[in-house]
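Asker: Encoded as structure tokens, here's the structure I'll be asking about.
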Amino acid sequence: MIQFYNTLTRKKEPFNPIEKGKVSLYTCGPTVYDEAHIGNFRTFMFEDLLKRVLMLNGLDVFHVMNITDVDDKTIKRAKETAQPLQALTENYTQKFHEDLKWLKMLPADEYPCATHHVSGMIKMIESLIKKEHAYVEDDGSVYFKVNSFSKYGQLSNIKFEDQKVTERIGSDEYSKESAQDFALWKGWKPDDGEVAWDSPWGKGRPGWHIECSSMSMEYLGDHFDIHCGGVDNMFPHHENEIAQSQCHAGSSFVNVWLHSEHLMVEGGKMSKSEGNIYTVSELKAKGFTPEIIRYQLLSGHYRTKINFSLAKKQEGEKIVKRLSEFKSRLESFDLENVTLDENPTIYSEFVKNLSNDLDTPNALAIFFDFMKKMNRQMDKGSIDKEQVASSLYFLDKFDSVFGLIPRTGKVPEEIVKLVRRREQARNIKDWNESDNLRDKIDALGWKVKDTASGSEISKKSA
Ligand SMILES: [Zn+2]
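And the structure:
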């Protein structure tokens, strides 16, 4: 059984996809006005984890992530840097894709850009006006009438006092704790420069919230399974999405809403003045690998605040090294004619924990305990080949979720055999033969190191 904590009901609930075996997933993507930072990547990493866990359960996931390439922030930054909006957003969209790939995240099936979908947004706004959920202002802006939707506030639990909803808000982001009529369409202002589309209400541009409502429904239908984002997206962004979408389609919008908590960096909130807004490029320059970053972001539960710290780099390195060593140890066994038990109890336990609202801390603990046990058995020489085979199976599944083992080329069979022969020679203390074999391995471009837990094979650097 898969269970998720649904923000909408504030309960953990069994997850049942609308269409059997398939999951429709929408995740709010980046606003491409700058490089994404480690806090943004915590959210994207949680969504990647969610997707991998659904896949581990045999579900076929269709994932849409939007790219916000027009909004208040992008327009402001383009103006500040004196470049056309498109040049700015294309540059950061490309950087975002490079970062995702480097962090070993699975790509989404679709990455719709807001600027390519404005006509769909205009249609949706027209429908909302027709159904009297929206109204046009004198400046050509269109606002959503918050008190026309009695369920407004259901996601974020904000107080809804309908007499007070008289204020209108033109900004995409606001943090006031009361409901306000928000902009669906923003009439053109001189600050917008050349950024404008024609609409029935004159020149203008869409508001941020309508972008996600319109694109998610275009790609996934009026009613789909899961919508995610960071906790800061809950209000007003997701609350407004629900209002727009439900009023437009007249039906349910999304079944399950999942939100990841904030990331703390060096023990505090990320801020420019603290100098702790790390980008992927900066972390790369400081010697972080994708695996070390993945470990830091995935070792805490997604609904808790976790702390990212440069000082934790060594800890991550150690874990990654231990996993790689475990893998090469297991791979050095000859597993010809061994039947594989594909469902050892320990593996089921691991899947059960991940499927329980993505409990990564417990799933990691289960795997590390298992690894310790298997290493001990290998040290004593008391492991049997069936155990090696099922350990490799478990390790492979483990890494399909966590992605903590660096991709090195598989050690060629020829080398594995030489290493094995060398181990046998060492066991009978035939040091001459052992040295000869080491030379042969060396000549073929590989390095063998003797460690307390056995031979460690690595490719010699060029
Ligand atoms: Zn969104």
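Going by the numbering used here, the first residue of the sequence shown is number 86, and it counts up by one from there. Heads up, the beta-carbon is just placed ideally off N, CA and C, and yes, glycines get one too. For clarity, every value in this text was computed on a predicted model and none was experimentally measured.
From the DSSP output, which residues share a beta bridge with residue 349?
Answerer: The residue given as residue 349 occupies position 264 in the sequence shown. 392.
Asker: Could you please give me the residues that DSSP links to residue 89 through a beta bridge?
Answerer: Taking the first residue of the sequence shown as 1, we reach residue 89 at position 4. According to DSSP, which records beta bridges pairwise, residue 89 is partnered with 98.
Asker: Is DSSP giving residue 446 helix, strand or coil here?
Answerer: The residue labelled residue 446 in the question sits at position 361 within the sequence shown. Residue 446 falls in the helix class under three-state DSSP.
Asker: For my contact list, residue 141 and residue 482 are in at a C-beta cut-off of 8 Å; report their separation, rounded to the angstrom.
Answerer: As a first step, residue 141 must be located in the sequence shown, where it is residue number 56. As a first step, residue 482 must be located in the sequence shown, where it is residue number 397. With 8 Å as the limit, residue 141 and residue 482 qualify as a contact, their Cβ atoms being about 7 Å apart.
Asker: Whose C-alpha, out of 122, 540, 243, 284, is nearest the C-alpha of residue 354?
Answerer: For this step, residue 354 is matched to residue 269 along the sequence shown. For residue 354, the nearest C-alpha among the options comes from 122.
Asker: Tell me whether the beta-carbon of residue 338 lies closer than 9 Å to the beta-carbon of residue 308.
Answerer: What you label residue 338 is simply residue 253 of the sequence shown in a count that begins at 1. What you label residue 308 is simply residue 223 of the sequence shown in a count that begins at 1. Yes, Cβ-Cβ distance for residue 338 and residue 308 is below 9 Å.
Asker: Which residues have their C-beta within less than 5 Å of a heavy atom of ligand 1, listed in chain order?
Answerer: Every residue passing the under-5 Å Cβ criterion appears here: 113, 297.
Asker: Do residue 336 and residue 417 come within 9 Å of each other at the CB atom, strictly closer than that value?
Answerer: Position 332 of the sequence shown, counted from the start, is the residue given in the question as residue 417. Position 251 of the sequence shown, counted from the start, is the residue given in the question as residue 336. Contact: no.
Asker: Would you decide whether residue 166 is buried or exposed? Buried here means 16 or more other CB atoms lie within 10 Å of its CB.
Answerer: Position 81 of the sequence shown holds residue 166. Exposed, by the Cβ-count rule.
Asker: So for residue 248, helix, strand or coil by DSSP?
Answerer: As a first step, residue 248 is located in the sequence shown; it is residue number 163 there, counting from the start. Below a pLDDT of 50, predicted positions are generally treated as unreliable, and residue 248, at 45, falls in that range; the measurement from the model is reported next regardless. It is helical.
Asker: Just the C-alpha distance for residue 421 and residue 399, rounded to the nearest angstrom, thanks.
Answerer: Here residue 421 corresponds to residue number 336 of the sequence shown, with the count starting at 1. Here residue 399 corresponds to residue number 314 of the sequence shown, with the count starting at 1. Distance between the alpha carbons of residue 421 and residue 399 is about 37 Å.
Asker: For the 8 Å Cβ check, are there 3 or more pairs between the segment 170-183 and the segment 215-227?
Answerer: Contact between the segment 170-183 and the segment 215-227 is absent, because fewer than three Cβ pairs lie under 8 Å.
Asker: Apart from the five residues just before and just after residue 290, which ones in its own chain have a Cβ nearer than 7 Å to its Cβ?
Answerer: By 1-based counting over the sequence shown, the position of residue 290 is 205. These residues qualify, in order along the chain: 155, 271, 277, 280, 281, 282.
Asker: Kindly list the residues whose CB is nearer than 7 Å to the CB of residue 98, restricted to its own chain and excluding five residues on each side of it in sequence; keep chain order.
Answerer: Within the sequence shown, numbered from 1, the residue matching residue 98 stands at position 13. Taken in chain order, the residues that qualify are 88, 89, 91.
Asker: Looking at chain B, is there any beta carbon in it that lies within less than 9 Å of the beta carbon of residue 501?
Answerer: Chain labels in this structure do not include chain B; a single protein chain is all it has.
Asker: Short of 6 Å in beta carbon distance, which residues of its chain neighbour residue 248, apart from the five on each side in sequence? Order them along the chain.
Answerer: By 1-based counting over the sequence shown, the position of residue 248 is 163. Confidence in residue 248 is poor, its pLDDT being 45 and thus under 50, which makes the residue's placement too unreliable to answer from.
Asker: Nearest by alpha-carbon distance to residue 103: which of 144, 409, 320 is it?
Answerer: If you number the sequence shown from 1, residue 103 lands on position 18. Cα-wise, what sits closest to residue 103 is 144.
Asker: Does DSSP put residue 286 in a helix, a strand or coil?
Answerer: Counting from 1 along the sequence shown, the entry for residue 286 is found at position 201. Reduced to three states, the DSSP call for residue 286 is coil.
Asker: Hey, how far is the Cα of residue 534 from the Cα of residue 511?
Answerer: What you label residue 534 is simply residue 449 of the sequence shown in a count that begins at 1. What you label residue 511 is simply residue 426 of the sequence shown in a count that begins at 1. Going by the C-alpha atoms only, they are around 13 Å apart.
Asker: Within the same chain, show all residues whose beta-carbon is closer than 7 Å to that of residue 397, passing over the 5 residues directly before and after it, in chain order.
Answerer: Locating residue 397 in the sequence shown gives position 312, where the first residue counts as 1. Closer than 7 Å at Cβ, skipping near neighbours: 381.
Asker: In three-state terms, what does DSSP make of residue 543?
Answerer: The count along the sequence shown starts at 1 and reaches residue 543 at position 458. Reduced to three states, the DSSP call for residue 543 is strand.
Asker: Any idea what DSSP makes of residue 116, helix, strand or coil?
Answerer: The sequence position of residue 116 within the sequence shown is 31, counting from 1. Three-state DSSP puts residue 116 in a strand.
Asker: When the Cα of residue 395 is compared with those of 357, 349, 388, 411, which residue comes out closest?
Answerer: For this step, residue 395 is matched to residue 310 along the sequence shown. It is 349.
Asker: Quick one: what's residue 150 bridged to in DSSP?
Answerer: To locate residue 150, count along the sequence shown from 1; it is residue 65. Answer is 112.
Asker: Short of 7 Å in beta carbon distance, which residues of its chain neighbour residue 292, apart from the five on each side in sequence? Order them along the chain.
Answerer: Locating residue 292 in the sequence shown gives position 207, counting from the first residue. Taken in chain order, the residues that qualify are 257, 267, 268, 269, 270, 271.
Asker: With distances taken between CB atoms, is the gap from residue 131 to residue 387 smaller than 9 Å?
Answerer: Numbered from its first residue, the sequence shown carries residue 131 at position 46. Numbered from its first residue, the sequence shown carries residue 387 at position 302. Yes, they are a contact pair.
Asker: Tell me the DSSP secondary structure of residue 253 in three-state form.
Answerer: Position 168 of the sequence shown, counting from 1, holds the residue named residue 253. Three-state result, residue 253: strand.
Asker: In whole angstroms, what separates the C-alpha of residue 543 from that of residue 414?
Answerer: Within the sequence shown, numbered from 1, the residue matching residue 543 stands at position 458. Within the sequence shown, numbered from 1, the residue matching residue 414 stands at position 329. Distance between the alpha carbons of residue 543 and residue 414 is about 12 Å.
Asker: Just verifying my parser: in three-state terms, what is the DSSP assignment at residue 328?
Answerer: Counting from 1 along the sequence shown, the entry for residue 328 is found at position 243. In this structure, residue 328 counts as helix in the three-state DSSP scheme.
Asker: Are residue 476 and residue 455 closer than 9 Å when you measure CB to CB?
Answerer: Indexing the sequence shown from 1 puts residue 476 at position 391. Indexing the sequence shown from 1 puts residue 455 at position 370. Against a cut-off of 9 Å, the Cβ pair of residue 455 and residue 476 comes out as a contact.
Asker: Straight-line CA distance for residue 184 to residue 522?
Answerer: Taking the sequence shown and counting its residues from 1, one reaches residue 184 at position 99. Taking the sequence shown and counting its residues from 1, one reaches residue 522 at position 437. Approximately 42 Å between the Cα atoms of the pair.
Asker: With DSSP as the reference, identify every bridge partner of residue 375, one or two as the case may be.
Answerer: As a first step, residue 375 is located in the sequence shown; it is residue number 290 there, counting from the start. Answer is none; residue 375 lacks a bridge partner.
Asker: Just how far apart, CA to CA, sit residue 362 and residue 520?
Answerer: Counting from one through the sequence shown, the residue named residue 362 turns up at place 277. Counting from one through the sequence shown, the residue named residue 520 turns up at place 435. Cα to Cα, residue 362 sits roughly 51 Å from residue 520.
Asker: Looking only at C-alpha atoms, which of 252, 218, 170, 383 sits nearest to residue 128?
Answerer: Reading the sequence shown from its first residue, position 43 is the one you call residue 128. Selected option, being the one with the closest Cα: 383.
Asker: Tell me, please, which residues DSSP counts as bridged to residue 228.
Answerer: Within the sequence shown, residue 228 is the residue found at index 143, counting from 1. Per DSSP, 220, 268.
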